[in-house]
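Worksheet: one structure, shown below.
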Amino acid sequence: MKKILLAICFIAAGNFVFSQTAEDSVKATINKLFEGMKSADGTVISSCFADSAVLQTIVNTRDGRLTIRNEKVSNFAEQVGKSPKGALDERIEFGSIKIDGPLASVWTPYKFYYNGQFSHCGANSFQLVRFNGQWKIQYLIDTRRRQGCD
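When we follow my numbering, the leftmost residue of the sequence shown carries the number 609, and every step to the right adds one.
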């Protein structure tokens, strides 16, 4: 009986360590994206995304309509690369992280600062895929607002 309980404990501990490692590596990819933004490094930005990645933002137009804006990763990386170093500071909190084999889904509420001044807040929804042992962002959609950010 003791051997069975010991075996169960080892299996459970092994599964916990594996899930922690997978979760940490998912977080590392997302953190690398925001470090790339802060350091204005378009190459780092591009390296975080899969080749076929989709980048979208949900916005309200001036006339109050809800719309989704699409952006190419290459354009985003180029725009970030032209920003002054330290100007783009997106501060995230990791909400839920769900992993199933090569698929990860991550929710990160954020506050965005430009040149040290608060700009807006919202939430990011990431879908990542693990290619050859590396997590890449396949899909990123976010919201942006100026109210209700406290």
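Beta carbons: idealized from backbone N, C-alpha and C, even for Gly. Just so it is clear, the structure is predicted and the values come from calculations on it, not from any experiment.
Residues near residue i in its chain [Cβ-Cβ closer than 6 Å; skip 5 each side]
{"i": "Leu748", "result": "Leu663, Phe734"}
{"i": "Val652", "result": "Gly644"}
Nearest candidate by alpha-carbon position, reference residue i, set the options
{"i": "Arg752", "options": "Leu674, Asp659, Ile666, Asp697", "result": "Ile666"}
{"i": "Ile700", "options": "Gly694, Thr651, Val714", "result": "Val714"}
{"i": "Leu711", "options": "Arg738, Lys690, Ala636", "result": "Arg738"}
{"i": "Thr716", "options": "Ile707, Gly724, Gly730, Tyr722", "result": "Gly730"}
Neighbour-count burial assignment, residue i, 16 or more Cβ in a 10 Å radius
{"i": "Thr675", "result": "exposed"}
{"i": "Gly672", "result": "exposed"}
{"i": "Glu679", "result": "exposed"}
{"i": "Thr669", "result": "exposed"}
Contacting residues, own chain, Cβ-Cβ under 7 Å from residue i (five flanking each side not counted)
{"i": "Trp743", "result": "Ser633, Val634, Thr637, Ala712, Leu736"}
Those residues which DSSP pairs with residue i across a bridge
{"i": "Arg752", "result": "Paired residues: none, contrary to the question."}
Spatial neighbours of residue i in its chain, beta-carbon cut-off 8 Å, leaving aside the 5 residues before and after
{"i": "Ala661", "result": "Val681, Lys744, Ile745, Gln746, Tyr747, Leu748"}
### Task
Go through the segment 627-687 residue by residue and report every complete run of the alpha helix (DSSP H) that reaches 4 residues or more, in order.
650-655
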